[in-house]
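*Asks:* Chains as they are written, first to last, in this note's numbering: chain A, 52 to 171; chain B, 1138 to 1545. C-beta: ideal position from N, C-alpha, C; glycine also. Treat the numbers as computed from the prediction; the structure is a model and nothing was measured.
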């Protein structure tokens, strides 16, 4: 089973970090990816630039509407994601609990939905 | 016994075991439920002709499994992209032995109480799947709309399937955490039954009885201290069922209950479970609460209650769980041991807690202690605060009686 672990974090927390704290957190994340890769559980993942760099698009009546910022103002913002390969939800939750920002924000675990095969 | 009566009895006593094993063998809640019903229907038809099998439960499981596999084959022919991984070979004999069937019941309750499901969903699913209540009965018991409960159960089954919540009993460190979640659900079921007994006469289903049955099942297959502790707590609390309410529904406090109405059989069973809990490693919250309930059960009259022992147990409890509500109960026990003034001093120290300030029992306790200390004006004010915060009628009437009983 594939699961995406969406990492949410208050950007204000990151902004308040010292350079050293930020560096350490990033190194922890690098270590986490390394460990998951060695376990054969890591398929993909990325960290994201802050929501101030986000642009949201909507297509309405064929027209593309572009606006500044994330699609929803929330208390915690999407900071990155992991694509995990786990046996079941219990394993996915156990793996996700080791993602370092889980201590600071939250990690949402969602099963991946396979799209149906292309119509002939 | 004629076959229809036997099948009916087997359905009541064994359908949950059959279901729990079929879920494992077929890997799908919905399909397992359908196949179980098909198996019971087949028994009604075949047993009068072919005779009653030696092991009826094994027959039902085996037949249910075949019905389920037929169903999967039909679906596969109907639509090509369903890929079900089912072993079509014969099931090994141990699939039916008591041990693996018990394991399946544990798997089922751990799945129903999985922390990734909302608490209300865990309650509904446990009552529906483990206890075999109908959706209607679950709804009445939980004071909810049947449509809401039905939808909740459908969504839960979808999540179990799509998010791949495994059908297993967790092991090692995870077991302790997950067992806690299961016990919480069982105790919530019990408390739902305890606080809403009006529902009982309508549904003929007692959630307190269902919770006790779940506790007995758990203790037989997972004999751990807290499992016995919770069962003891439920039995001891439930032993007072007949004494805690007047026929008109008014509540009677522990102090004023007619102790001859207490159910002695339940008390004895509760005390035995408590002994079992205390002999196992790490008795915690439920066991200590049961020990407190046991002190009340052992006292021949309210006046003979051993408040010294109870305060000591509360001291243990508050170290395990330093919550304001436990601090409140401890203060009341101290007042019983050392007098109302001591209790009032303790309560004054708790008045800063936001949780307690909106909790009617905090004000009711203050009111009772003011009354016993002869401070009528303060008692009146505290009773009024408590009444304003009460949502349930029987509680409100009890407080109202106390308030009007105060001397002018």
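Starting from residue 1176 of chain B, follow its DSSP beta bridges and name the residues at the other end.
*Replies:* DSSP lists no partner for residue 1176 of chain B.
*Asks:* Buried or exposed, going by whether 16 or more other CB atoms sit within 10 Å of the CB of residue 73 of chain A?
*Replies:* By the neighbour-count rule (16 or more Cβ atoms within 10 Å), residue 73 of chain A is not buried but exposed.
*Asks:* Reducing DSSP to helix, strand and coil, say where residue 162 of chain A ends up.
*Replies:* Here residue 162 of chain A sits in strand by DSSP.
*Asks:* Does any CB atom of chain A fall closer than 9 Å to the CB of residue 1317 of chain B?
*Replies:* No - not a single Cβ of chain A is within 9 Å of the one on residue 1317 of chain B.
*Asks:* From residue 134 of chain A to residue 1267 of chain B, what distance separates their C-alpha atoms?
*Replies:* For residue 134 of chain A and residue 1267 of chain B, the distance between alpha carbons rounds to 34 Å.
*Asks:* Against chain B, does residue 162 of chain A count as a neighbour if the rule is that its beta carbon must be under 9 Å from one of theirs?
*Replies:* At least one chain B Cβ lies under 9 Å of residue 162 of chain A.
*Asks:* Could you tell me the alpha carbon to alpha carbon distance between residue 1221 of chain B and residue 1193 of chain B, rounded to whole angstroms?
*Replies:* Any answer about residue 1221 of chain B is weak, because its pLDDT of 48 lies below 50 and its placement is not dependable; what the coordinates show is given next. Computed Cα separation, rounded: 28 Å.
*Asks:* So, is the C-beta of residue 144 of chain A closer than 9 Å to a C-beta in chain B?
*Replies:* So, interface residue.
*Asks:* Please classify residue 1241 of chain B: is it buried, with 16 or more other beta-carbons within 10 angstroms of its beta-carbon, or exposed?
*Replies:* Its Cβ being crowded by 16 or more others within 10 Å, residue 1241 of chain B is buried.
*Asks:* Strictly under 9 Å for the Cβ-Cβ distance: is residue 154 of chain A near chain B by that measure?
*Replies:* Cβ-Cβ to chain B under 9 Å: no for residue 154 of chain A.
*Asks:* Based on the DSSP output, what are the partners of residue 1382 of chain B in its beta bridges?
*Replies:* Partner(s): B:1388.
*Asks:* For residue 1151 of chain B, which residues in the same chain have their Cβ closer than 6 Å to its Cβ, ignoring the five residues on either side in sequence?
*Replies:* If we look at residue 1151 of chain B and ignore the five residues flanking it on each side, its Cβ neighbours are 1194.
*Asks:* Suppose the cutoff is 6 Å on Cβ atoms and the five residues either side in sequence are ignored; what does the same chain contact list for residue 1366 of chain B look like?
*Replies:* Answer for residue 1366 of chain B: 1414, 1420, 1423, 1424, 1427, listed in chain order.
*Asks:* Do the CB positions of residue 1344 of chain B and residue 1326 of chain B come within less than 9 Å of each other?
*Replies:* A contact, by the Cβ cut-off of 9 Å.
*Asks:* Report yes if the CB atom of residue 1386 of chain B is closer than 9 Å to the CB atom of residue 1283 of chain B, and no otherwise.
*Replies:* For residue 1386 of chain B and residue 1283 of chain B, no; Cβs fall outside 9 Å.
*Asks:* For residue 1214 of chain B, is the classification buried or exposed, using 16 other Cβ atoms within 10 angstroms of its Cβ as the cut-off for buried?
*Replies:* Residue 1214 of chain B is exposed by the Cβ-count criterion.
*Asks:* Would you report the Cα separation of residue 1256 of chain B and residue 121 of chain A, rounded to the nearest angstrom?
*Replies:* Straight-line Cα distance between these residues: approximately 31 Å.
*Asks:* In the DSSP output, which residue or residues are listed as bridge partners for residue 108 of chain A?
*Replies:* DSSP, once it has assigned bridges, lists A:117 as partnering residue 108 of chain A.
*Asks:* Is residue 1357 of chain B buried or exposed, if buried means 16 or more other CB atoms sit within 10 Å of its CB?
*Replies:* Result: exposed.
*Asks:* Per DSSP, which one or two residues make a beta bridge with residue 56 of chain A?
*Replies:* In the DSSP output, where bridge partners are listed per residue, residue 56 of chain A has A:133, A:160.
*Asks:* Keeping to the same chain, check which residues put their C-beta closer than 6 Å to that of residue 1181 of chain B; ignore five residues upstream and five downstream.
*Replies:* Once the five neighbours on either side are set aside, the close Cβ partners of residue 1181 of chain B are 1144.
*Asks:* Note down the Cα distance separating residue 1262 of chain B from residue 1281 of chain B, rounded to an integer number of angstroms.
*Replies:* Cα to Cα, the separation comes out at about 14 Å.
*Asks:* Quick one: does residue 140 of chain A have its CB under 9 Å from some CB of chain B?
*Replies:* Yes, residue 140 of chain A counts as interfacial toward chain B.
*Asks:* Are residue 1484 of chain B and residue 1470 of chain B close, meaning C-beta to C-beta below 9 Å?
*Replies:* Not closer than 9 Å, so no.
*Asks:* Going by C-alpha to C-alpha distance, which of B:1496, B:1540, B:1533 sits closest to residue 1507 of chain B?
*Replies:* Taking only the C-alpha atoms, the option nearest residue 1507 of chain B is B:1540.
*Asks:* Quick one: Cα of residue 1337 of chain B to Cα of residue 1373 of chain B, how far?
*Replies:* In this predicted model, residue 1337 of chain B has a pLDDT of only 47, less than 50, meaning its place in the structure is not dependable; the value taken from the coordinates is given anyway. Answer to the nearest angstrom: the Cα atoms are 20 Å apart.
*Asks:* Could you tell me the distance, in whole angstroms, from the CA atom of residue 1488 of chain B to the CA atom of residue 1509 of chain B?
*Replies:* Between residue 1488 of chain B and residue 1509 of chain B, the C-alpha separation is close to 19 Å.
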